[in-house]
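Please read the structure below before turning to the comments.
There are 2 protein chains.
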Amino acid sequence: MSLNKQKITALGGGVGASKLLLGLYEVMDPAVLTIIVNTGDDIMLHGLKICPDLDIVTYTLAGIVDPAKGWGIREDTFHALKKLAVYGRADWFNLGDQDLATHIHRSALLEEGKTLSEIAESIRTALGVKTRILPMSDNPVPTIIESNEGAMHFQKYLVKRRAEPVVVGIRFAGVEQAQPAPGVLEAIREAGRIFICPSNPFISIGPILAVPGVRQQLRSRKRDVFAVCPIVGGKSLKGPSDKMLAQLGYEATALGVAKLYADFTGTFVIDPVDRRQARAIEELGMKAAILPTVMKTRAQKRKLAQALLEL
Amino acid sequence: MSLNKQKITALGGGVGASKLLLGLYEVMDPAVLTIIVNTGDDIMLHGLKICPDLDIVTYTLAGIVDPAKGWGIREDTFHALKKLAVYGRADWFNLGDQDLATHIHRSALLEEGKTLSEIAESIRTALGVKTRILPMSDNPVPTIIESNEGAMHFQKYLVKRRAEPVVVGIRFAGVEQAQPAPGVLEAIREAGRIFICPSNPFISIGPILAVPGVRQQLRSRKRDVFAVCPIVGGKSLKGPSDKMLAQLGYEATALGVAKLYADFTGTFVIDPVDRRQARAIEELGMKAAILPTVMKTRAQKRKLAQALLEL
Chain H
295 MSLNKQKITA LGGGVGASKL LLGLYEVMDP AVLTIIVNTG DDIMLHGLKI CPDLDIVTYT
355 LAGIVDPAKG WGIREDTFHA LKKLAVYGRA DWFNLGDQDL ATHIHRSALL EEGKTLSEIA
415 ESIRTALGVK TRILPMSDNP VPTIIESNEG AMHFQKYLVK RRAEPVVVGI RFAGVEQAQP
475 APGVLEAIRE AGRIFICPSN PFISIGPILA VPGVRQQLRS RKRDVFAVCP IVGGKSLKGP
535 SDKMLAQLGY EATALGVAKL YADFTGTFVI DPVDRRQARA IEELGMKAAI LPTVMKTRAQ
595 KRKLAQALLE L
Chain B
295 MSLNKQKITA LGGGVGASKL LLGLYEVMDP AVLTIIVNTG DDIMLHGLKI CPDLDIVTYT
355 LAGIVDPAKG WGIREDTFHA LKKLAVYGRA DWFNLGDQDL ATHIHRSALL EEGKTLSEIA
415 ESIRTALGVK TRILPMSDNP VPTIIESNEG AMHFQKYLVK RRAEPVVVGI RFAGVEQAQP
475 APGVLEAIRE AGRIFICPSN PFISIGPILA VPGVRQQLRS RKRDVFAVCP IVGGKSLKGP
535 SDKMLAQLGY EATALGVAKL YADFTGTFVI DPVDRRQARA IEELGMKAAI LPTVMKTRAQ
595 KRKLAQALLE L
């Protein structure tokens with residue numbers, strides 16, 4: 295294993311990002327890796343603060359994530375959720391019994407006045423994760439999907455309505471007043487390289503970019519920003535990115551994503567199947583790098599991570 | 295099954311009370327039974343509102359209580375609690391996964407501004423319980439045990455410290471400002487008979503009596519108040535009643551309890567083993583009734599309930 299001692303900062307969402315993050319975690323010194331995670335997905339359910347992307351990343355690096363689903367905890371049970379349904383509570387958002395402990399703990403600490411970033415730090419430490427995991431902001435910035443069925447929280451769109459409504463707009467409620475969490479801007483400023491994980495550009499990377507100061511800070515580091523494209527061969531690696539790109543009037547292609555990132559990205563990483571888009575991407579003022587970005591196996595995750603460190 | 299149509303109101307705590315309450319529930323029309331439950335045991339843990347006695351009574355009547363322990367839910371699992379311990383949270387108070395759903399639901403409703411009695415009503419209804427279950431008060435009135443190890447919440451004394459500290463005093467914090475929950479005084483006023491369940495006189499019945507107006511209302515119904523003694527042969531039927539009586543300078547006998555209840559009780563029910571105390575009890579200005587009060591089987595519970603209705 296090659297240990298890379300230069301500081302690395304990665305921005306990402308949940309399942310898609312975690313594949314690359316696990317690769318990075320394993321091929322480099324995890325102590326010099328910092329992960330900035332989307333919290334636009336966060337939602338209050340049953341009075342509990344749920345942070346899906348933070349938990350997916352943390353559980354993945356802790357080695358306890360459900361490997362089949364990519365979220366939740368391996369072999370978790372759902373006894374509490376079934377009982378919550380008996381009480382008439384919504385059960386469309388899956389909450390395992392062990393997973394609930396995370397939400398209960400986080401909610402209790404928030405109630406005691408702790409910040410989300412202090413809590414994320416204590417959770418990743420308790421679970422033995424050696425890498426710093428920062429929420430993008432300590433302020434709630436819920437992602438609201440404007441759709442043909444009206445406005446709804448992103449989780450309602452994705453999980454309850456299975457990404458079926460037609461998206462006509464996306465907003466991050468309150469983001470203008472949000473502050474980057476402590477360490478976020480510094481982590482971008484001080485890293486040798488910054489990676490944008492292959493996450494949904496609108497609802498995973500988009501909220502992070504929208505936090506005041508973040509996009510500007512990335513622009514100032516453009517040369518060292520490497521973005522891994524989440525669209526391969528015109529399809530999302532994971533989730534509804536392709537559909538959202540099309541519905542919002544963008545091309546559901548690597549080039550379509552590259553246009554969204556061109557102002558702050560130095561190198562845009564595409565899969566070999568999209569090599570014919572490399573020239574058009576470079577015309578946007580970025581380098582195009584061609585690397586296998588489909589990560590189904592652990593070996594593929596490590597290989598892409600290693601390649602990104604060596605580009 | 296004889297269905298008794300006169301209104302019955304019963305006051306009680308948790309495990310001890312539930313034995314008699316289950317008997318009553320089964321031998322009479324449950325729709326005319328009202329149960330007033332101690333909430334001095336209530337505690338906030340992990341940011342969740344736990345109401346042990348309310349839950350024990352509700353789970354018992356719903357037929358889902360753990361029959362071996364007398365509290366918690368049958369065949370419940372403890373996955374969340376184990377994870378809470380990983381996060382460094384106290385795990386001395388057992389919280390099963392299904393049971394947690396009750397606490398999560400209740401806490402969420404409290405946060406939405408519902409009262410404890412509204413919530414108790416919705417929980418018992420969701421679980422199919424046909425009897426009204428009223429918390430003694432919607433205001434928190436935590437029972438504080440003053441002991442040789444200092445002051446501590448009752449649950450800490452009972453569960454964490456296994457009732458080992460020597461009790462030197464008991465107080466119900468804030469009880470002077472507490473209001474009886476809606477329906478409590480009416481249920482005592484309007485019942486044909488009022489039963490005091492065989493619960494700990496200090497920490498199960500005591501808090502209910504301390505809620506302003508309750509003891510006075512019971513006194514005005516003295517003739518129709520039937521108290522079942524929780525001490526049989528000088529020993530508690532359940533829990534630390536005997537020890538607490540002795541430590542607080544009372545006799546750990548049926549007579550010792552009778553003295554605590556004499557001002558509001560018309561008939562004091564003792565077990566045949568204590569028949570020799572009947573005369574001394576009657577000298578306190580009550581009738582003494584002798585009935586088998588040890589309820590290990592369902593038949594014994596029903597038998598005592600039936601006998602109380604026919605006294």
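One line per chain: the protein sequences are H and B, in this order.
One rule links them: number in our numbering = place in the first sequence (from 1) + 294.
One rule links them: number in our numbering = place in the second sequence (from 1) + 294.
The beta carbon of each residue, even a glycine, is placed where N, CA and C say it ideally should be.
If the five residues before and after threonine 437 of chain H are omitted, its C-beta is found closer than 7 Å to the C-beta atoms of Gly334, Asp335, Phe448, Ile464, Phe466, Ile497, Pro501, all from its own chain and listed in chain order. Neighbours of glutamine 541 of chain H in chain B, taken as residues at a C-beta separation under 7 Å, are lacking, since the least C-beta distance is about 34 Å. Distance from the CA of serine 535 of chain H to the CA of aspartate 393 of chain H, rounded to the nearest whole angstrom, comes to 26 Å. Between leucine 554 of chain B and alanine 384 of chain H, the alpha-carbon positions lie close to 47 Å from each other.
Here the alpha carbons of valine 551 of chain B and histidine 340 of chain B stand approximately 36 Å from one another.
Going by DSSP, valine 321 of chain H is part of the alpha helix (DSSP H) stretching over 309-321.
Beta-carbon to beta-carbon, lysine 597 of chain H and phenylalanine 558 of chain H are separated by about 26 Å, too far to satisfy the 8 Å threshold.
Counted as a single uninterrupted DSSP element, the stretch harbouring threonine 425 of chain B is not any alpha helix (DSSP H), since DSSP gives it neither H nor E. Under the Cβ criterion of 8 Å, glutamate 405 of chain B is counted among the residues facing chain H. Burial is judged here by how many other beta carbons sit within 10 angstroms of a residue's own beta carbon; glutamine 300 of chain B has fewer than 16 and is exposed. Under the three-state reduction of DSSP output, isoleucine 358 of chain B falls in the coil class, being neither helix nor strand.
The Cβ of glycine 382 of chain B sits closer than 8 Å to at least one Cβ of chain H. Taking 8 Å as the cut-off, the Cβ atoms of arginine 400 of chain B and lysine 343 of chain B count as close. For the C-beta of glutamine 392 of chain B, the chain H residues within less than 8 Å are, from N- to C-terminus, His373, Ala374, Lys376, Lys377. Within chain H, Ala395, Ile398, His399, Ser401, Ala402 have C-beta atoms less than 9 Å from the C-beta of histidine 340 of chain B, given in sequence order.
Residue contact check for isoleucine 417 of chain H against chain B: a CB pair falls below 8 Å.
C-alpha of leucine 327 of chain H to C-alpha of valine 461 of chain B: approximately 54 Å in a straight line. Sequence-distant partners of glutamine 594 of chain B (beyond 5 residues in either direction) whose C-beta falls short of 6 Å from its own C-beta are missing from its chain. Interface annotation, alanine 420 of chain B: in contact with chain H, CB-CB separation under 8 Å. For valine 522 of chain B against proline 495 of chain B, the beta-carbon gap comes to about 11 Å, at or over 8 Å, which does not count as contact.
Residue burial annotation: tryptophan 365 of chain H is buried, with at least 16 other C-beta atoms found within 10 angstroms of its C-beta. Leaving aside the five residues that flank valine 359 of chain B on each side, the residues in its chain whose CB is nearer than 8 Å to its CB run, in chain order, Ser312, Ile350, Tyr353, Trp365, Gly366, Ile367, Arg368. Your pair lysine 537 of chain B and alanine 457 of chain B checks out as a contact, with CB atoms roughly 7 Å apart and the cut at 8 Å.
Residue range 548-555 is occupied by the alpha helix (DSSP H) that includes glycine 550 of chain H. Put simply, the backbone Cα of methionine 589 of chain H is about 26 Å away from that of leucine 578 of chain H. Bounds of the alpha helix (DSSP H) holding glycine 500 of chain B are 500-504. One Cα belongs to leucine 503 of chain H, the other to serine 514 of chain H, and the distance between them is close to 13 Å.
Counted as a single uninterrupted DSSP element, the alpha helix (DSSP H) harbouring valine 380 of chain B occupies residues 373-380.
The beta carbon of methionine 338 of chain H sits closer than 8 Å to the beta carbons of Ile344 from its chain, once the five residues preceding and following it are set aside; these are given in chain order.
Residue pairing by DSSP puts isoleucine 344 of chain H in a beta bridge opposite H:Ile337.
Within the stretch 474-533 of chain B, the runs of alpha helix (DSSP H) that reach at least 4 residues and sit entirely inside it are, in chain order, 478-484, 500-504, 508-513. Between arginine 426 of chain B and alanine 556 of chain B, the alpha-carbon positions lie close to 27 Å from each other. A buried status is given to leucine 403 of chain H, since no fewer than 16 other beta-carbon atoms sit within 10 Å of its beta-carbon.
For threonine 303 of chain H, the uninterrupted beta strand (DSSP E) run begins and ends at 302-306, by DSSP.
With fewer than 16 other CB atoms across the displayed protein chains lying within 10 angstroms of its CB, asparagine 388 of chain B is exposed. A distance below 8 Å separates the beta carbons of isoleucine 330 of chain B and alanine 481 of chain B.
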